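Structure first, commentary second.
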Amino acid sequence: MLSLRSLFGRRDPRPFRAGQRLRYATRPGEERSRIVVLRVDEDATLGQIIHLAIENVDITPPGSARRMTRIGHVPISKAALRASRPELDEEALDVPAFQQGYDTWRAEFDAGRAGVFSIPIAEIVAVMAETLAQGS
Numbered sequence: 072m073l074s075l076r077s078l079f080g081r082r083d084p085r086p087f088r089a090g091q092r093l094r095y096a097t098r099p100g101e102e103r104s105r106i107v108v109l110r111v112d113e114d115a116t117l118g119q120i121i122h123l124a125i126e127n128v129d130i131t132p133p134g135s136a137r138r139m140t141r142i143g144h145v146p147i148s149k150a151a152l153r154a155s156r157p158e159l160d161e162e163a164l165d166v167p168a169f170q171q172g173y174d175t176w177r178a179e180f181d182a183g184r185a186g187v188f189s190i191p192i193a194e195i196v197a198v199m200a201e202t203l204a205q206g207s
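Our numbering numbers the first residue of the sequence shown as 72 and each following residue consecutively.
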């Protein structure tokens, strides 16, 4: 007989809820990075959209003194989050402020000009790092 643990590996099969802090499959050197679930939306077309903050990342554009250690709002599909191999670290956290970023995203999403990430979190962080590097 299969257990949930054997079906899901080390991933936590619980539903995602605001206030959870999760470990995930990080980029090398960012093993202390965690994600915080800010909000969970249900979309008729996309299913669950999980809104995250990503903590303890190291994004430093080449030749810049600026260092980004936190990404404040990331909308991601449930499948992409599951692909990031999340594991529960803590529950019932106070959710950090994100409403302004969410409201901006929501308006653009509703107008058809924004979407959700469908790649694992480590790839999202890498894409953001590459984008910042190109802009510096």
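All C-beta atoms in this analysis are idealised placements derived from N, C-alpha and C, irrespective of residue type, glycine included.
Since we're looking at a predicted model, the values are computed, not measured.
- If the five residues before and after Ala200 are omitted, its C-beta is found closer than 6 Å to the C-beta atoms of Ile130, all from its own chain and listed in chain order.
- The alpha-carbon of Glu101 is positioned some 7 Å away from that of Asn127.
- Its Cα nearest to that of Gly118, the residue Ala150 stands out among Glu179, Ala150, Ala197 and Val198.
- Counting the other CB atoms within 10 Å of its CB gives Ala193 a total of 16 or more, which places it among the buried residues.
- With respect to His122, Phe188 sits apart: the two C-beta atoms are not nearer than 8 Å.
- Taking Ile190 as the centre and dropping the five residues before and after it, the same chain places the C-beta of Ala151 closer than 7 Å to its C-beta, in chain order.
- Ile147 is bridged by DSSP to Ile121 and Phe188.
- Excluding sequence positions up to five before and after Ile142, its CB lies within less than 6 Å of the CB of Ile125, all in the same chain and listed in chain order.
- As DSSP reads the structure, Val111 sits in a beta bridge with Ile121.
- Ranked by Cα distance from Leu93, the options Arg105, Arg153, Asp165 and Arg184 are led by Arg105.
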